[in-house]
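Throughout, my numbering is defined as the position within the sequence shown, counted from one, plus 17. The next block holds one structure in the form of structure tokens; read it before the comments.
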Amino acid sequence: TAAVCVGSTPIAFTLRAARRTIRTDRADAGESLAVELSASPSADVARIVAARAAAFVGATDDVVTFYARAEGDRAMAPLVRQLHGLHHVRFLTLGEIAVYSVLMQRAPISIAASLKRRFFAAFGRPVDVALGEHVHTLHALPELADLRALTADEIAAAIKHRGKAERIVDVVRGVADLGEDFLRDAPYAEARDALLAIRGVGPFSAAAILLRGLGRMDELPWLPQFAGAAHELYGKPVSQDALVARYGTSIGYWSFYVKTGLPRRAAAAASAA
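Shown next as structure tokens:
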């Protein structure tokens, strides 16, 4: 269950397996998801929420092609079997990842999460949703155009961090100026370079916005953490060119399965020892 804003209206939604309301096909698994809404919006708004919900869980991602490309990769095959059917869950909106890409800079995950909660509490639009016997209040982040209007003073008062507040303003405005359509559809290098031109966006933040925000799996910046994961998986250094030659536009899914599967494999080995 999560909440998004469509225009100025917050709407909560719950994803369930193969039930009713608005469906989003998952042809790779022969399954479907149903999106249950907290309100009864117009058909157009319902379709927007359904599309965002589907993107949120990567429901329409082409994992079939990734699995086909992983065939014959003896080191990768066990991870694919272990995680088969897993789709890449991403940030719900471009505005959310734009904000979080700043909050996570030089901060432990726990601190970044705390700052994010403060941001949502201050600027998110509340919507009540029944979960079991209890009613919970969710906060839907305003759309990017509304986030763009926030000032550094307002953000600093909410998160208690002036430096990050100023960078959030720069990043949100820069991302809004580029636009979601451009960042989603432009050649990867062009979108990446445009993000890097924004004050407050470095290589890791640009990669996060494109991968974790927009689900762009078509390229992968060869950052140290990916090189290290490849070395751990294959037992030797592996070049980015070699991996791209095999996985092509599925390289983002390779990184997702490796970064998810290796820690699980290590934890299973430790518990069995």
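All residues carry an ideal CB built from backbone N, CA and C; glycine is no exception.
Contact under 8 Å by Cβ, residue i with residue j
i	j	result
VAL146	PRO27	no
TYR274	ARG233	no
VAL192	LEU111	yes
SER272	SER118	no
PHE30	SER57	no
LEU250	ALA92	yes
Element boundaries [alpha helix (DSSP H), containing residue i]
i	result
VAL21	Segment 19 to 23 is the beta strand (DSSP E) holding VAL21; no alpha helix (DSSP H) there.
PHE273	268 to 289
ALA175	169 to 176
GLY180	179 to 195
ALA162	161 to 164
CA-to-CA distance, residue j to residue i, given in whole angstroms
i	j	result
ILE65	VAL23	8 Å
SER49	ASP194	35 Å
ALA46	VAL21	Residue placement at ALA46 cannot be trusted, given a pLDDT of 45 that sits under 50; the coordinates are not used to answer.
ARG142	LYS253	49 Å
SER59	ALA162	22 Å
PRO95	GLN242	21 Å
PHE83	ALA174	45 Å
ILE185	LEU228	19 Å
LEU109	ALA70	8 Å
THR41	PHE199	Residue placement at THR41 is poorly supported in this model, since its pLDDT is 45, which falls under 50; the coordinates are not used for a value here.
HIS151	ALA262	51 Å
Residue i: first and last residue of the uninterrupted beta strand (DSSP E) it sits in
i	result
THR77	Unbroken run through THR77: none, as it is neither H nor E.
Residue i - DSSP class collapsed to helix/strand/coil
i	result
VAL258	In the sequence as presented, Val is not what sits at residue 258; that position holds Asp. Helix at ASP258.
ARG33	strand
ALA51	strand
My parser needs the alpha helix (DSSP H) runs of 4 or more residues fully inside the region 198 to 252; what are they?
205 to 213, 220 to 225, 241 to 251
At what residue ranges does the region 77 to 156 contain a whole run of the beta strand (DSSP E), taking only runs of 3 or more?
142 to 148
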